[in-house]
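Positions -19 to -1, 1 to 189 (mature numbering (1 follows the signal peptide of the UniProt record, and there is no 0)) are the ones given, in order, by the sequence shown. Here's the structure, in structure tokens; my notes come after.
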Amino acid sequence: MPNARLLFALLLVALPAAAEVYTYVDAAGNRVFTDQPRAGDNAKRVELAPPNAMTSAPATIHMRPPATAPVAAPRYDLLRILVPEPDATLRDGDGTLIVTVTSEPNLLPGHNFRLYLDGKVVGEPTRSPVFPLATQDRGTHQLSVEIVNAAGVVLERTPSQPFHVQRPSLAQKRNVNPCKKDDWGVRPECPLKDKPPEKRDIPFIPFI
């Protein structure tokens, strides 16, 4: 009987695993399945196969550690060389130069300025924004400055900017300030080899 089988299957699904199932034929000749038989139904217990249940291991949940936000490196809005200005021409006699730099914000703790002249580091990194440079040769030179942290990592750097040095020659200096008797061998533009011979005064001897 298909209907009886269907009812039996639905009953098995609906009943808890520990319930008992009974069956009997009612007065109309229908097969009935129930878990609560009544007296006089001549119900018989149905032997059920043990449920095919599988015990599964508890699921392991892998939790990712919370991502830590990267620490942003300090930023400078401005870094530039104030003195000399780009393409400035220096006419100092001995080529002395004072380089001055600035940054915004001001230099942070643990940071230093590092100066480059013609691609080479000048001195040690320092917090001072003033770099004295003495005796620069004639011609065009390049300056740039960096901000570095305590580990030497470059945080900011300016592009190279040129400046020019014009130093008068010894002959030009001598023309501006002619050598006097006491200057020969003292001033660089008055070497002894260029000293003109001194005129000797010949004493007057009266003719007798």
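Ideal Cβ positions, reconstructed from N, Cα and C, are used throughout, including at glycine. Owing to the predicted nature of the structure, the values given are computational and were not obtained by experimental measurement.
TODO: Go ahead and pull the three-state DSSP assignment for A152.
DONE: helix
Task: Where K176 falls: helix, strand or coil (DSSP) - done: coil
Open item on the list: I'd like the list of long-range same chain contacts for T107, defined as Cβ closer than 7 Å, with 5 residues on each side in sequence excluded.
Closed with: N93 and F94
Open item on the list: Alpha carbons only, please: which of R56, D16, N23 and Q17 is nearest the one belonging to A8?
Closed with: Of the candidates R56, D16, N23 and Q17, the one whose C-alpha sits nearest the C-alpha of A8 is N23.
Task: Test item: CB-CB of L124 and L88 under 8 Å - done: By the CB criterion at 8 Å, L124 and L88 fall outside the cutoff.
Task: Cβ-based burial, H122 [other Cβ within 10 Å; buried from 16] - done: buried
Task: I62: first and last residue of the uninterrupted beta strand (DSSP E) it sits in - done: L59 to V64
Open item on the list: One question on the structure: do L136 and P65 come within less than 8 Å of each other, judged by their Cβ atoms?
Closed with: no
- [ ] Starting from the C-beta of R168, find all residues in its chain whose C-beta is less than 7 Å away, skip the five residues before and the five after it, and write them out in chain order.
- [x] C160
TODO: Report the rounded CA-to-CA distance for N11 versus K25, giving the unit in angstroms.
DONE: 14 Å
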